[in-house]
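Same order as they appear, the protein sequences are chains B and S.
In terms of our numbering, the first sequence has 246 at position 246, counting the first letter as 1, and numbering is strictly consecutive.
In terms of our numbering, the second sequence has 1145 at position 145, counting the first letter as 1, and numbering is strictly consecutive.
Structure, as C-alpha cells:
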Amino acid sequence: MRRLALNTTGLVVFAIAVFPVLWMVGTAFKPTPEIFSTTPRPVPADPTLSHFAEVLTGDLVPGTPFWQFLVNSSVVAVATVVISALLALLAATAVARHRFRFRTTVLIMLLVVQMVPLEALVIPLFVTMRRLGLLDSLSGLVVTYVGFSLPFAVWMLRTFVAAVPVDLEEAAAIDGAGPWQSFWRILFPLVAPGLVATSIFSFITAWNEFVFALTFMSHQDGYTLPVALSFFFGRDTTDWGAVMAASTLLTLPVVVFFLAVQRRMVGGLVSGAVKG
Amino acid sequence: MTLTPARPPSELRPAGALPRGTVPARRWRRRRVAWAPYLLLTPAGAVLGLLLLWPLVRIAVMSLQEIGLRQLRGAPTRWVGLDNYREILADPFFWRVLANTVGFAVVTVTLTLVAGTLVGLLLNRLGRRMAAFVASGVMLAWAVPSITASIVFRWLFNDTYGIVNWTLDRLPDPLAQLLFGRAEFAGFSWFNSTSTTFAVLVTVVVWQSFPFVAVTVLAGCKTVPTELYEAARIDGASGWRTFWSITLPILRPVFAVLVILSTIWDFKVFTQLYVIAGLAHRDAYMLSLYAYAEAFASPPRFGTGSALAVVLVLILLTVTVGYVRLTLRQEQL
C-alpha cells in the first residue's frame, strides 16, 4: 500500500517533469488545425512533418536559411569545447599536480569567478568586444563562452587529474620521458573520460547561451539558434507549430548530451558539500 | 571529494626515495616545481582575467561615467562621480525593480527548494528501477535550454489554445474559485498583468531548477548512514520526525550550498524574463533586464546601465562570499 502510494507519486513527478517537453514535441508534429483546436489532444491524431519542413527550408529570419544558424551554433559550440578543454586540462594539471605558493588563492578564485553574474557583464564585455573588433564575429562569442565554461571545467577536471596515480608519471620520468611526453602519453589518455564530461558541459553552455549572442550579433547572418528562435518567436507568435518544431530541433542535442553528463555535473557542483 | 586521494605532495618526498642515477628525472622534477604550474595556469588565467575580472573592474569604472553614443564613437568619457547611482536610487522605478527582483528570488528559491527536496527524498525512497525512471524524467526537465523552456511555457499558457487554461477551465468552479480566485479561464490572458506574468515566470524557473535540488538532495541522502534510519524506525519515529532529526541536520551543509546557488541563479534570471514578459513589459522588469534595457536603449545609456549591474553584482557578491566560505569549510583544497 505504502509502496503503491510512493510509486504513484513518483509517476506524477515524472509526468510533471516531462510534460512540457512532450507537449512541445507533440505540438511540433500536429497539423495546424489540431494545434488551433479548443479541445487539445495529447497525441497528434494525424502527425505531420510539415512544421519541421517549414523550419528547415523556410525563413526563421527572412533572408537567412536555417542551416546558417545551425552552422553558427555548431561552430561556436565546437570551438568553445576544444579551446576550453585544452586550457582547462593545463590549469587542472597545475592545481592537482603541483604545490605552489598561490595554489589556494587560485582555487578560491576559481570558486569566486564561477559565481560572477555573467548577465551583469554584458555591458562591459560589449564595449570591450567592440574595441577589439569582435562584435558580429563568431570568434567573439567563442572567446566569451570559453571564459564562461572554463572555471567549472577546471574545477571538475582537477579531481580527474588528481585521481591519476602520480607513480605512473614518475615511472615515465624514470624511463626518460620528458614533461610533455608524460603529459600526452600518460595523463591525457587517463583523464579522457573527465575531458569528455567537461566538454559536454562546455558544449551545453555554448549551445544554450542567449544573452551575449543576442547582444553581440547585430547582423542576422551571425545569429545562433537561440537568437534566431527568439527572433522568429517575436516576429510570428501565432505560428506555434513551426515555433515548437524549431524549439524541438534546438533542444534535441542538449538533451542527448545532458543525459550523458548529468551524473558528473552534479558531482562537480556539490563536491563542496557532499562527502562520500 | 571522494576522487581526491590525500597524498603528500610528491615534491616534498626526500630525494633518497627516488632511485639513484635518475638525474634527468630529478632535475626535471625540481624545475617543474619552480615555474611549471604558473606556465600551465597562464592561458586559463589570461582568459578568465580578460573575460570575468577585467569586465568587473570596467563595469565599476563605467558606472561612474556618462557613456552615450558620442562616447562610444570615441569622444572622451565624462566622469560624473556618483551621479548615476544618485539618479537610479532617486527613481521610484528602481525600487519597484529591486522589489520585483528580491520578491521573485525569495518566492522562487523557496518553491524550488521545497519541491526539489520533496522529489529528492521521494527518489531516495523509491525502488532502484522506479527511481532511475523518475530521475530520467527529472533530468529531462533540467536539460531543456532556458530559451525553449520559456517559449514552451508561453504556449502552455496561451490564452485561447493553451493546455493550462483548458485544464483550469475543467476544474470544478468552486475549487478554481478557491485556488485562483476565478472560475472562467477560457481566453484568460496570463501575460497582460504583472502578477500573472510573474506566476508563469516562477513556474518556468521552478520547473527548470527543481531537478538540480532533487538530484543533490538524493546524492546527500545516500551519504547518511542507514543505521541511523534503522535506529529511528526501531524507536518508532515518524517519517516527518526522521527528516527533521536525522536527514536535515546531516544535510545542513548541502542545503546551505543549495540555498546560496539557487539564490544566485534566481537573482540574475534574464532569458526567461526576456521571453515571458518581454522588453515592453516594464512593470515586470528585474535588475538584469533593467540594466540591459538601460544600456542598449536608444540612445544607449551605458553609465546608468552599469550602475544597475553593479548593484546586482554587489548583492550577489555578498551571497558568493557565503558560498565560498561554506565550500572551503567542507572541502580540503
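Think of the CB as a built atom: it goes at the ideal place given N, C-alpha and C, for glycine as much as any other residue.
Boundaries of the alpha helix (DSSP H) harbouring S:V1106: 1092-1125, taken from the DSSP string. With contacts defined by Cβ atoms closer than 7 Å, S:L1261 and S:L1273 do not form a contacting pair.
Going by DSSP, B:M129 is part of the alpha helix (DSSP H) stretching over 122-132. Taking a Cβ-Cβ cut-off of 7 Å, the neighbours of B:T251 in chain S comprise V1144, P1145, T1148, given in sequence order. Identification of chain S residues near B:N208 by a Cβ-Cβ cut-off of 8 Å yields P1145, S1146, I1147, ordered along the chain.
Under the DSSP assignment, B:P62 falls outside any alpha helix (DSSP H); it carries neither an H nor an E label. Contact of S:G1137 with chain B by beta-carbon distance below 7 Å involves F14, A17, V18. Within chain B, the C-beta atoms nearer than 7 Å to that of S:G1305 come from I123, in chain order.
Residue-level contact check: B:M129 does not touch chain S, since none of the beta carbons of chain S fall below 7 Å from its beta carbon.
S:R1078 sits in a strand when the DSSP states are folded into three classes. Annotation for S:F1191: T1197 place their beta carbon closer than 6 Å to its own, counting only its chain and skipping 5 residues before and after. Sequence-distant Cβ neighbours of S:F1094 in its own chain, meaning closer than 7 Å and more than five residues away, are I1088. Three or more Cβ pairs drawn from the region 1053-1063 of chain S and the region 119-137 of chain B lie within less than 8 Å of each other, which places the two stretches in contact. At the C-beta level, S:L1041 and B:A91 come within 7 Å of one another. For S:E1230, the enclosing alpha helix (DSSP H) covers residues 1226-1234. Within the DSSP bridge table, the entry for S:E1066 names S:R1078 as partners. Restricting attention to B:V146, B:F203, B:L190, the CA atom closest to the CA of B:V161 is found in B:L190. Looking from the CA of B:T159, the closest CA among B:L89, B:L70, B:T8, B:D136 belongs to B:L89. A Cβ-Cβ contact shorter than 7 Å links S:F1210 with S:A1115.
Residue contact with chain B for S:L1064: absent (no Cβ-Cβ distance below 7 Å to any residue of chain B). From the beta-carbon of B:V106, the residues of chain S found nearer than 9 Å are P1037, L1041, G1045.
For S:L1312 against S:L1279, the beta-carbon gap comes to about 18 Å, at or over 8 Å, which does not count as contact.
Against B:P33, chain S offers no close residue; the least beta-carbon distance is about 11 Å (beta-carbon pairs closer than 9 Å). Between S:I1264 and S:V1319, the gap from beta carbon to beta carbon is short of 7 Å. Residues of chain B whose Cβ lies closer than 7 Å to the Cβ of S:M1130 are, in chain order, N7, G10.
Here the alpha carbons of B:M244 and B:V25 stand approximately 7 Å from one another. With respect to the 7 Å criterion, S:D1283 and S:T1203 are not classified as neighbours on the basis of their beta carbons. Its chain contains W207, T224, L225 as the residues whose beta carbon lies nearer than 7 Å to that of B:S73, once the 5 sequence neighbours on both sides are disregarded; these appear in chain order.
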